[in-house]
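Some notes on the structure that comes next.
Numbering (our numbering), first residue to last: 370 to 595.
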């Protein structure tokens, strides 16, 4: 199966932990030198040959829309607008209505994980997740996989000397939610953790550059290298 040419970026977060440095902006619009963080994600997707991006937006979405309009770097930009926040799951469920292909990449609007998207494969799964190998961490939960790269467990946040974290990039089948009865508002992360066996969830491990600007010190670290 050919790799999809479409991606959904989750841009609806309030950026609560960044309020001290970002009082009036959606988190993906956090400025880095002279452009928003979201521009770096779109530049990455351009390098990955993505042709269409659906921005799942909510909080102050007009700021995002005014900046990126309907095209950026020759990528078609489409907006899935939530009148009220639907959680990551509800946001994805709405955005999937705008997807043309049978599968699509999903990315968080506050992380960059510089992987080769072509290495994510569904096979007979409904979802394949990009994992990042990390040492000595406690800010993230960890994920267990077997030798065939099937997900076997999710672990709560705790100090972990060596493990894999969710890198915030997924390849999903467009019909991922079809067999489930779900509310309009729900957490995709909870849905995934509760149903990974039914979804036959797979993972691919990467060691590429990873940054999550969800807290001020990591946001500053990204500014410092750009």
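All C-beta atoms in this analysis are idealised placements derived from N, C-alpha and C, irrespective of residue type, glycine included.
Tell me the DSSP secondary structure of residue 408 in three-state form. Walking along the chain shown from the start, residue 408 turns up at place 39. Shown here, residue 408 sits in a helix according to DSSP, grouped into three states.
Cβ separation of residue 522 and residue 513, assumed to be a contact under 8 Å, to the nearest whole Å: As a position in the chain shown, residue 522 is number 153, starting the count at 1. As a position in the chain shown, residue 513 is number 144, starting the count at 1. Your pair residue 522 and residue 513 checks out as a contact, with CB atoms roughly 4 Å apart and the cut at 8 Å.
On the three-pair Cβ rule with 8 Å, is the region 375-382 touching the region 419-434? Below 8 Å, enough C-beta pairs join the region 375-382 and the region 419-434 to call them touching: three or more.
Alpha carbon of residue 532 to alpha carbon of residue 409, nearest angstrom: Your numbering for residue 532 matches position 163 in the chain shown. Your numbering for residue 409 matches position 40 in the chain shown. For residue 532 and residue 409, the gap between their C-alpha atoms comes out near 27 Å.
Stretch pair the region 409-420 + the region 429-448: three plus CB contacts closer than 8 Å: Touching, yes.
Can you pull the DSSP bridge partners for residue 341? Any property of residue 341 remains undetermined from this structure, which presents the chain solely from 370 to 595.
Among 478, 459, 453 and 515, which one has its Cα closest to the Cα of residue 395? Against the chain shown, residue 395 aligns to sequence position 26. Nearest of 478, 459, 453 and 515 to residue 395, Cα basis: 478.
Using the C-alpha atoms, what's the distance from residue 547 back to residue 567? Locating residue 567 in the chain shown gives position 198, counting from the first residue. Locating residue 547 in the chain shown gives position 178, counting from the first residue. Answer to the nearest angstrom: the Cα atoms are 12 Å apart.
To the nearest angstrom, report how far apart residue 559 and residue 525 are at their CA atoms. Mapped onto the chain shown, residue 559 falls at position 190. Mapped onto the chain shown, residue 525 falls at position 156. Between residue 559 and residue 525, the C-alpha separation is close to 12 Å.
Residue 585: first and last residue of the uninterrupted alpha helix (DSSP H) it sits in: Walking along the chain shown from the start, residue 585 turns up at place 216. Segment 585-594, the alpha helix (DSSP H) holding residue 585.
Taking residue 461 as part of the alpha helix (DSSP H), name the residues at either end of that continuous run. Your numbering for residue 461 matches position 92 in the chain shown. Looking at the DSSP string, the run of the alpha helix (DSSP H) that includes residue 461 is 456-464.
For residue 491 and residue 434, what's the separation of their Cα atoms in angstroms? Numbered from 1 along the chain shown, position 122 holds the residue referred to as residue 491. Numbered from 1 along the chain shown, position 65 holds the residue referred to as residue 434. Each residue's Cα considered, the two are about 32 Å apart.
Would DSSP call residue 467 helix, strand or coil? Residue numbering aside, residue 467 sits at position 98 when the chain shown is read from its first letter. It is helical.
Would you give the residue range spanned by the alpha helix (DSSP H) that residue 564 belongs to? Mapped onto the chain shown, residue 564 falls at position 195. Boundaries of the alpha helix (DSSP H) harbouring residue 564: 557-564, taken from the DSSP string.
Is residue 501 closer than 8 Å to residue 406 when the C-beta atoms are compared? Locating residue 406 in the chain shown gives position 37, where the first residue counts as 1. Locating residue 501 in the chain shown gives position 132, where the first residue counts as 1. Taking 8 Å as the Cβ cut-off, residue 406 and residue 501 do not qualify as a contacting pair.
Close Cβ partners of residue 507 (< 8 Å) along its chain, the five nearest in sequence each way excluded: Within the chain shown, numbered from 1, the residue matching residue 507 stands at position 138. Excluding sequence neighbours, residue 507 sits near 526, 527, 528 and 529.
Coarse secondary structure for residue 453, derived from DSSP in three states: Sequence index remark: in the chain shown, residue 453 carries index 84 (1-based). Coil, per DSSP.
Are the CB atoms of residue 518 and residue 572 nearer to each other than 8 Å? Here residue 518 corresponds to residue number 149 of the chain shown, with the count starting at 1. Here residue 572 corresponds to residue number 203 of the chain shown, with the count starting at 1. A Cβ-Cβ contact shorter than 8 Å links residue 518 with residue 572.
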